[in-house]
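88 is the number of the first residue of the sequence shown in our numbering; add one for each residue after it. No residue lacks a Cβ here, since even glycine has one placed at the ideal position from N, Cα and C.
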Amino acid sequence: MDSIPSNENSIYYFNDNNSSNRTIIVITPTYLRLARLADMTRLSQTLMHVNQLIWIVIEDAVRISVPVKQLLDRSTLQYHYWAAKRRPGIPVRGWTGRDVGLSFVRRQFASMGDKAVVYFADDDNTYDVRLFNKYIRNVEKIGVWAVGLVANNVIEAPKVLNKKVVGWQTSYAPNRKWGFDMAGFAINLQLFLQAGWRKKCEYNSPEPCLMNQLNVSWDDLTPFGVDSSPLDVLVWHTKTTVKITSSKTYGYNAEVIH
Numbered sequence: 088m089d090s091i092p093s094n095e096n097s098i099y100y101f102n103d104n105n106s107s108n109r110t111i112i113v114i115t116p117t118y119l120r121l122a123r124l125a126d127m128t129r130l131s132q133t134l135m136h137v138n139q140l141i142w143i144v145i146e147d148a149v150r151i152s153v154p155v156k157q158l159l160d161r162s163t164l165q166y167h168y169w170a171a172k173r174r175p176g177i178p179v180r181g182w183t184g185r186d187v188g189l190s191f192v193r194r195q196f197a198s199m200g201d202k203a204v205v206y207f208a209d210d211d212n213t214y215d216v217r218l219f220n221k222y223i224r225n226v227e228k229i230g231v232w233a234v235g236l237v238a239n240n241v242i243e244a245p246k247v248l249n250k251k252v253v254g255w256q257t258s259y260a261p262n263r264k265w266g267f268d269m270a271g272f273a274i275n276l277q278l279f280l281q282a283g284w285r286k287k288c289e290y291n292s293p294e295p296c297l298m299n300q301l302n303v304s305w306d307d308l309t310p311f312g313v314d315s316s317p318l319d320v321l322v323w324h325t326k327t328t329v330k331i332t333s334s335k336t337y338g339y340n341a342e343v344i345h
């Protein structure tokens with residue numbers, strides 16, 4: 088077993104012997120709230136252990152947050168960060184940020200083609216480092232996997248038969264065609280580059296809208312982690328809740344809601 092470098096300024100990358108050299112592009116919508124810096128700190132510390140990664144962060148506001156910018160600078164990650172206010176009429180928070188981030192990726196990184204994979208990572212979820220190198224980096228079309236604590240389920244996961252997705256293990260609308268959360272899939276960049284992006288969305292949630300735009304089917308899905316032992320969950324749909332009685336920061340770097 089390799090030893091972890093003792094230099095306190097170094098970053099240890101958990102490669103898990105992955106055989107793919109694909110770049111991982113992570114798109115994260117974010118917005119001001121009391122626990123945001125705590126959540127972003129946790130996410131950045133996870134991503135710092137993943138090599139060959141680009142982080143796209145979209146602020147739901149008219150301007151970026153200075154504390155978030157400082158956090159990103161400290162992370163040493165390759166990142167792009169800007170503000171894009173949520174469009175009126177959009178039913179779900181984060182939808183605008185994902186759309187804006189994806190448009191940027193299609194313009195900026197088109198030359199990567201199938202050598203990159205896009206993952207939409209909420210800023211408050213909890214991610215196992217193995218998710219990125221064992222699952223996401225090896226996605227050839229669309230990869231899917233289990234998510235914990237989502238849609239009032241302990242676990243929501245693809246239903247697999249003979250290594251093919253045949254449905255969804257969930258108690259929330261189990262017969263829907265796309266029974267997964269944003270945290271439960273990643274998509275090869277080449278599919279985004281080939282999509283027409285002209286179909287009108289008829290859904291109120293982003294997951295089926297995205298799949299409809301890409302014109303894909305279950306045959307395009309590759310399930311990950313369904314034949315491992317134990318059946319580990321590598322991403323959890325967590326939400327940090329806080330209760331405060333004072334908003335004083337005493338000069339420390341924190342975000343407050345006025």
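Nearest in C-alpha terms to residue 213, of all of 166, 130, 140 and 160, is 130.
Each of 302, 159, 272 and 265 was checked against the Cα of residue 292, and the nearest Cα belongs to 265. Boundaries of the beta strand (DSSP E) around residue 310: 308-310.
Following the DSSP letters along the chain, one finds residue 182 inside the alpha helix (DSSP H) bounded by residues 182-195. Here the alpha carbon of residue 113 sits roughly 24 angstroms from the alpha carbon of residue 341. By the C-beta criterion, the region 266-281 is judged to be in contact with the region 209-228, since at least 3 inter-stretch pairs fall below 8 angstroms. Collapsing the DSSP output to three states places residue 344 in coil. Here residue 246 has 252, 253, 254, 255 and 256 as same chain residues with Cβ atoms under 8 angstroms from its own Cβ, once five neighbours each way along the sequence are excluded.
Under DSSP, residue 293 forms no beta bridge with any residue.
If you look at residue 156, you'll find it isn't in any beta strand (DSSP E); it sits in the alpha helix (DSSP H) that goes 153-162.
Put simply, of 233, 141 and 303 the residue whose alpha carbon is nearest the alpha carbon of residue 317 is 233. DSSP, reduced to helix, strand and coil, places residue 202 within a helical segment of the structure shown. Counting other Cβ atoms within 10 Å of its Cβ, residue 296 reaches 16 or more and is therefore classed as buried. Following the DSSP letters along the chain, one finds residue 125 inside the alpha helix (DSSP H) bounded by residues 123-134. Here the alpha carbons of residue 223 and residue 309 stand approximately 11 angstroms from one another. For residue 109, the closest alpha carbon among the candidates 196, 311 and 122 is that of 196. The way I'd put it, the region 128-144 does touch the region 160-168; three or more beta-carbon pairs between them come closer than 8 angstroms. Excluding its 5 nearest sequence neighbours in each direction, residue 207 has C-beta neighbours in its own chain below 6 angstroms: 114, 185 and 269, listed in chain order.
The secondary-structure analysis by DSSP pairs residue 256 across a beta bridge with 244. Per DSSP, the unbroken beta strand (DSSP E) holding residue 272 starts and ends at 272-275. According to the DSSP secondary-structure assignment, residue 323 is paired through a beta bridge with 213 and 235.
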